[in-house]
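Encoded as structure tokens, the structure appears first; notes follow it.
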Amino acid sequence: MKAALLALKQVGGDLSNGQQKLKDALAKLEFEAPSGKVKLDKNRNAVADSYLTVVEKKADGTLFKRLLQVVPEVNQTMKLPEDEFLKLGSFNRDNPSCP
1 MKAALLALKQ VGGDLSNGQQ KLKDALAKLE FEAPSGKVKL DKNRNAVADS
51 YLTVVEKKAD GTLFKRLLQV VPEVNQTMKL PEDEFLKLGS FNRDNPSCP
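The sequence shown begins at 1 in the UniProt record's numbering and counts up one residue at a time.
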């Protein structure tokens, strides 16, 4: 949503010619979000850092999240080459299978 609003602002709301100016603005867009830099891939899906955390309990019983790892620039293919990702097929209840 933020990407769309930023791009619309950049093009002054111009949606003429099949929204070409908006599409061009989205293709080049990068912005800072609370969790870091965000950009869009060729399908206009977000590419951003992903934070792997675990919930733990303090001695007093309160829960907190502990950061285990930051995975930089995760995209829709989960960093696999696109052709490999597409070979996996559509994800659903049965794919991938869980032994």
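By construction, the Cβ of each residue, glycine as well, lies at the ideal position given by its N, Cα and C atoms.
Could you tell me the boundaries of the beta strand (DSSP E) in which residue 49 lies? 46-57
Considering only C-alpha positions, which residue in the set 59, 65 and 71 is nearest to residue 47? 71
Quick check on DSSP: helix, strand or coil for residue 63? strand
Given residue 14, which residues of its chain have a CB within under 6 Å of its CB, disregarding the five upstream and five downstream residues? 21.
Taking residue 43 as the reference, which of 95, 28 and 91 has the closest Cα? The option with the nearest alpha carbon to residue 43 is 28.
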